[in-house]
Amino acid sequence: CGACKSVCPVGIDHPSMFLYYRSKDVQADPDFVAKPRPAMEKQFFKGFAFAVSRSWFWNLGVKMARPFLNKNVENGFIRKMKGPFRGWFQSKDLPAMAAKTFRDRWKELKDKG
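Going by the numbering used here, the first residue of the sequence shown is number 1, and it counts up by one from there.
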C-alpha cells in the first residue's frame, strides 16, 4: 500500500526496496543466495527475533536505546560509539533515533482518521 514510505521518519522508500529484492529472488541472482552464517550472528538474530516478537520488550528496548544512541549524534547521524559497535558506526550513516517511534506516529495518524 506504500503507507510505510509516507510515515517513515527518515524517508526510506520501503516499497521500492521490497520490489528490488523480490526481483533478485525471482531471478535467482547468485549474489543473493543464502550462505552459512557465523554462530555469533545466529545468536544475535535469535535475540533480535525474541525482542521484535514481543511488543512490550521491543518498546522498552527502544526507550532505553534512544538516549544512549542519540548522545553520539553529529549533524543528525550517529557517528561515535564505544565497544563492539565503534567500527560499524564509523562506516555507516545511521540517522539519530526519532523522538517518536513508527508505532506512535502510526497511532496518531489512525486516531486523526
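All C-beta atoms in this analysis are idealised placements derived from N, C-alpha and C, irrespective of residue type, glycine included. All values reported here derive from a predicted model rather than from experimental measurement.
- Separation of phenylalanine 44 and alanine 51 (C-alpha to C-alpha, rounded to the nearest whole angstrom) is 11 Å.
- Per DSSP, glutamine 43 is one residue of the alpha helix (DSSP H) stretching across 39 to 52.
- DSSP, read as helix, strand or coil, puts proline 15 in helix.
- By the neighbour-count definition (other C-beta atoms within 10 Å, threshold 16), isoleucine 78 is a buried residue.
- Look at valine 33 here: in three-state DSSP terms it is coil, with no helix or strand label.
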